[in-house]
Ligand code: MG
């Protein structure tokens with residue numbers, strides 16, 4: 016089998032957007048004086064989609080979301096020529112070829128997102144060529160179905176927050192994740208507002224549902240040290256990305272407090288980044304995203320490394336590439352799920368692009384044994400709401 020074509024496109028949303036309100040979610044821009052603009056740091060308006068064609072007639076689909084126009088340029092200029100004419104079964108060689116020829120500038124961030132999208136498309140091809148779902152190539156079924164947690168509960172008026180949390184409980188979720196809205200610049204009053212949020216959610220879901228909390232890098236080590244003892248009473252399953260991703264030492268310090276579990280990794284890349292986090296005992300839960308971390312070829316290695324350290328892998332963002340890896344690993348007990356919603360920050364865009372992304376029933380999603388590859392098509396019902404950059 017030979018690769019005969021690489022097509023990259025960016026789908027940019029032009030449909031209805033519901034702008035997030037102030038203090039919707041803490042984020043890394045919150046330390047700066049012009050905090051009013053801070054939501055820009057994590058909004059996504061476009062999605063990169065890669066289709067790889069082969070002489071056997073199989074077409075693999077991969078995707079990534081980080082700076083998609085730049086990632087597309089990386090694919091078109093650098094990566095596509097490296098894989099054209101090659102055999103997709105040589106995925107390890109192809110990964111190394113892409114990595115080694117771009118590592119001077121590409122080993123973290125956009126370069127690795129671009130490699131990830133291609134690698135995911137290659138695995139989709141392999142599944143289709145083998146007539147098997149991708150999880151069967153990665154180790155097979157380790158669970159009948161995948162428990163997922165409802166990941167939303169952004170900061171909002173408490174009555175609305177309570178209603179949203181109760182809705183997830185009624186829908187059968189056994190775990191939910193909420194977001195904090197205030198950080199160091201908001202002082203003691205902001206701390207109390209954060210506690211109002213978590214108290215509201217915990218009371219709404221009861222004690223028999225796992226609760227996770229997201230700070231999205233919007234806090235500092237000092238602030239997190241002061242918040243963590245206050246969170247302990249709510250016995251959360253984890254506190255996610257309390258500080259910026261580059262502060263591995265701060266993660267290690269917060270984990271060493273041993274008061275609440277610390278999660279991170281959605282802004283880390285490749286086996287080398289995760290080796291560092293594991294060796295420094297920086298996280299209790301690893302949250303790589305396959306479409307950032309180097310694709311399935313890297314993600315499965317990180318999974319193996321994490322398993323040896325007894326650190327569970329609960330990937331960022333749901334999506335099919337992550338679900339297949341979760342299905343194939345005993346060390347991945349849970350997956351994230353973004354409830355389908357109006358477009359707010361762009362997390363939702365893949366729902367509008369792809370047909371095949373599973374939706375949970377009573378808090379679980381299933382993967383079929385008889386759908387080869389990843390099981391996705393570019394055929395959402397909303398393609399007319401995107402502008403396509405070829
Ligand atoms: Mg997160």
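Numbering (this note's numbering), first residue to last: 16 to 405.
Backbone N, C-alpha and C fix where the C-beta goes; we use that ideal spot for every residue, glycine too.
Indicate whether residue i and residue j have their beta-carbon atoms separated by less than 8 angstroms.
i: residue 266; j: residue 258; result: yes
i: residue 300; j: residue 332; result: no
i: residue 284; j: residue 307; result: yes
i: residue 383; j: residue 96; result: no
i: residue 327; j: residue 352; result: no
i: residue 256; j: residue 232; result: yes
i: residue 378; j: residue 163; result: yes
i: residue 144; j: residue 16; result: yes
i: residue 134; j: residue 312; result: yes
i: residue 302; j: residue 330; result: yes
i: residue 26; j: residue 368; result: yes
i: residue 335; j: residue 372; result: yes
i: residue 291; j: residue 271; result: no
i: residue 119; j: residue 79; result: no
i: residue 268; j: residue 293; result: no
i: residue 289; j: residue 320; result: yes
i: residue 130; j: residue 180; result: no
Quick check on the burial criterion: 16 or more other C-beta atoms within 10 angstroms. Buried or exposed for residue i?
i: residue 304; result: buried
i: residue 28; result: buried
i: residue 227; result: buried
i: residue 250; result: exposed
i: residue 84; result: exposed
i: residue 318; result: buried
i: residue 23; result: buried
i: residue 394; result: exposed
i: residue 207; result: exposed
i: residue 218; result: exposed
i: residue 185; result: exposed
i: residue 89; result: buried
i: residue 116; result: exposed
i: residue 205; result: buried
i: residue 100; result: exposed
i: residue 337; result: buried
i: residue 48; result: exposed
i: residue 108; result: exposed
i: residue 43; result: buried
i: residue 396; result: exposed
i: residue 187; result: exposed
i: residue 325; result: exposed
i: residue 239; result: buried
Measuring alpha carbon to alpha carbon, tell me which residue in the options is nearest residue i.
i: residue 243; options: 195, 215, 224 and 261; result: 195
i: residue 111; options: 310, 334 and 328; result: 310
i: residue 38; options: 245, 137, 143 and 201; result: 201
i: residue 124; options: 99, 145, 61 and 86; result: 86
i: residue 223; options: 207, 191 and 62; result: 191
i: residue 387; options: 295, 146 and 203; result: 146
i: residue 282; options: 127, 206, 160 and 212; result: 127
i: residue 322; options: 338, 337 and 345; result: 345
i: residue 161; options: 350, 392 and 400; result: 350
i: residue 35; options: 385, 362, 392 and 403; result: 362
i: residue 81; options: 104, 360 and 210; result: 360
i: residue 46; options: 370, 234, 253 and 404; result: 234
i: residue 155; options: 401, 339 and 178; result: 339
i: residue 93; options: 229, 114, 107 and 204; result: 114
i: residue 230; options: 213, 397 and 221; result: 213
i: residue 403; options: 220, 63 and 205; result: 63
i: residue 173; options: 69, 150, 210 and 238; result: 210
i: residue 298; options: 337, 254, 32 and 189; result: 254
i: residue 424; options: 176, 122 and 245; result: This structure cannot speak to residue 424, because the chain is shown only from 16 to 405.
i: residue 381; options: 401, 157 and 61; result: 157
i: residue 401; options: 70, 61, 151 and 187; result: 61
i: residue 241; options: 203, 260 and 261; result: 203
i: residue 151; options: 296, 385 and 397; result: 385
i: residue 193; options: 77, 70 and 167; result: 167
Assuming residue i and residue j make a contact with CB atoms under 8 angstroms, what is their CB distance in whole Å?
i: residue 408; j: residue 72; result: Past the boundaries of the shown model lies residue 408; the chain is included only from 16 to 405, so the question cannot be answered.
i: residue 389; j: residue 139; result: 5 angstroms
i: residue 65; j: residue 98; result: Between residue 98 and residue 65 the Cβ distance is about 10 angstroms, and since that is not below 8 angstroms, they are no contact.
i: residue 104; j: residue 141; result: 7 angstroms
i: residue 198; j: residue 41; result: 5 angstroms
i: residue 392; j: residue 370; result: 5 angstroms
i: residue 355; j: residue 31; result: The pair is not a contact, with the Cβ atoms about 14 angstroms apart (cut-off 8 angstroms).
i: residue 225; j: residue 252; result: 4 angstroms
Runs of beta strand (DSSP E) wholly within the region 243-293 (minimum 3 residues, chain order): Under the rule that a run must span 3 or more residues, the beta strand (DSSP E) segments found entirely inside the region 243-293 read 253-255 and 277-279.
query: What are the uninterrupted segments assigned as alpha helix (DSSP H) that are 4 or more residues long and contained completely in the region 33-107, given in chain order?
result: As summarised for the region 33-107, the continuous alpha helix (DSSP H) elements at least 4 residues long and confined to that stretch are 83-89 and 95-98, given in chain order.
task: Could you pull out every unbroken alpha helix (DSSP H) segment of at least 4 residues lying fully inside the region 130-202, listed in chain order?
output: The region 130-202 is shown to contain whole alpha helix (DSSP H) runs of 4 or more residues at 149-152 and 173-185, in chain order.
- request: Could you tell me which uninterrupted alpha helix (DSSP H) segments, each at least 4 residues in length, are contained entirely in the region 311-381, listed from first to last along the chain?
  value: For the alpha helix (DSSP H) assignment, the uninterrupted runs of no fewer than 4 residues enclosed by the region 311-381 are, from N- to C-terminal side, 335-342 and 364-368.
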